[in-house]
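Single-structure report; data block below.
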């Protein structure tokens, strides 16, 4: 009888402290819960960055004590332009805000102007004789329609004084381009023969002066100056060799390049006051809930932002 009681008492004494393991896990979870609640209370007084930093330090210290950290995954993501909605990431869309000191935020739409194919047909029809004679050339270059005019036709040699041909040609070109709102670049080119006289010290000056004369002529025919820009290339980007007189003649040219993109109209410009634009950002401070988002790498991201579809997000704040 004595041996039986001693054996039974010995069996009952085994693992009597096992409950401490579960109790320790329970206390750890309770500690983490109260830390989160405490951090939420502090979030009303501090910024979101301070909250995430506090929680990140707590969880990172716990991970470090249990296992080696994985360099390929972490608790927090690096700063990016992604917005958080619900349980996923969504790329930032829409226009960007300008400098905070600005009173007005102008959001412009980029849109196409008159089709280049239509302008090409109209220019070919209007300048058919010059194109056939080799004094003009019309071609498509990616997003541009380029009208190339021989400088021998519209300028005297080594001069930027327009000839009578240019004065007759500009109204014809402007009649086709004026109804459109497409951007226009006037580009000047020369051959490689050096020039140094009392008017022009280099081919750069000559190409710029000739392009300016054509640009002034277009403005005089009613094309808006905010659509125009001037580019001078001097002897660069030749179309033919400069070793022959025919090649040098082909390189002396002025190009009128029409872009496929057009200037936005008044209806395409949305003006928003800075105060109205920043209102959605200010509402973030009123959010009183924290979302824990599980990331594909095994980490989590904690945010106070709510999904736009969350009914609680529509409730007025007291």
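Numbering (our numbering), first residue to last: 19 to 336. Cβ coordinates follow ideal geometry from the N, Cα and C atoms, glycine included. None of the values given here were measured: they were computed from a predicted structure.
1) Could you please give me the residues that DSSP links to residue 221 through a beta bridge?
2) As an exercise, report each continuous beta strand (DSSP E) stretch of at least 3 residues that is fully enclosed by the segment 154-235, in chain order.
3) Between residue 189 and residue 243, what straight-line distance do the alpha-carbon atoms span, to the nearest angstrom?
4) Classify residue 185 as buried or exposed, calling it buried when 16 or more other Cβ atoms lie within 10 Å of its own Cβ.
5) Have a look at residue 176 and residue 141 and give me their C-alpha separation to the nearest angstrom.
6) Can you check whether the C-beta of residue 165 is within less than 9 angstroms of a C-beta belonging to chain B?
7) Report the three-state DSSP secondary structure of residue 68 (helix, strand or coil).
8) Decide if the segment 252-266 is in contact with the segment 227-235; the criterion is three or more beta carbon pairs, one per stretch, under 8 angstroms apart.
9) Please report the distance separating the alpha-carbon of residue 71 from that of residue 319.
10) Using DSSP's beta-bridge definition, name the partner residues of residue 312.
11) Does residue 221 pass the burial test, meaning 16 or more other C-beta atoms within 10 Å, or should it be called exposed?
12) To the nearest angstrom, how far is the alpha carbon of residue 204 from that of residue 151?
13) Just grab the DSSP bridge partners of residue 279 for me.
14) My output table needs one value for residue 73: the three-state DSSP class, helix, strand or coil.
15) For the candidate residues 250, 198 and 37, whose alpha-carbon lies nearest to that of residue 209?
16) Could you please give me the residues that DSSP links to residue 36 through a beta bridge?
17) Which partner residues does residue 273 have in the DSSP bridge list?
18) Measure from the alpha carbon of residue 165 to the alpha carbon of each residue in 173, 39, 187 and 273, then state which is nearest.
19) Could you have a look at residue 261 and say whether DSSP puts it in helix, strand or coil?
20) Since residue 154 and residue 163 are thought to touch, with beta carbons under 8 angstroms apart, how far apart are those beta carbons, to the nearest angstrom?
21) Alpha carbon to alpha carbon, what distance is there between residue 312 and residue 101?
22) Among the residues of its own chain, which have a CB less than 8 angstroms from the CB of residue 181, if the five just before and after it don't count?
23) Compute the Euclidean distance between the alpha carbons of residue 34 and residue 77, then round it to the nearest angstrom.
24) Can you list, in chain order, the residues of its chain whose CB lies under 6 angstroms from that of residue 235, leaving out five sequence neighbours each side?
25) Once you ignore the five residues that flank residue 227 on each side, which residues in its own chain have a CB closer than 6 angstroms to its CB?
26) Please state the DSSP three-state secondary structure of residue 246.
27) Please classify residue 146: does DSSP put it in a helix, a strand, or coil?
28) Can you give me the Cβ contacts of residue 338 inside the same chain, cut-off strictly under 6 angstroms, excluding the 5 residues immediately before and after it?
29) Taking all protein chains shown into account, decide if residue 38 is buried (16 or more other Cβ within 10 angstroms of its Cβ) or exposed.
30) Would you identify the three-state DSSP class for residue 237, choosing helix, strand or coil?
Answer, in terms of the structure:
1) Answer is none; residue 221 lacks a bridge partner.
2) 154-159, 162-168 and 200-207
3) 16 angstroms
4) exposed
5) 28 angstroms
6) In the structure shown, chain B does not exist; there is a single protein chain.
7) helix
8) no
9) 11 angstroms
10) 318
11) buried
12) 22 angstroms
13) 130
14) helix
15) 250
16) Residue 36 pairs with nothing; no bridge assigned.
17) 166 and 205
18) 273
19) coil
20) With 8 angstroms as the limit, residue 154 and residue 163 do not qualify as a contact, their Cβ atoms being about 13 angstroms apart.
21) With a pLDDT of only 46 at residue 101, under the threshold of 50, the placement of this residue in the model should not be trusted; the figure read from the coordinates follows. Taking the straight line from one Cα to the other gives about 15 angstroms.
22) 171, 172, 173 and 174
23) 32 angstroms
24) 188
25) 178
26) strand
27) helix
28) Within the shown structure, residues of the chain are numbered from 19 to 336, placing residue 338 beyond reach of any answer.
29) exposed
30) helix
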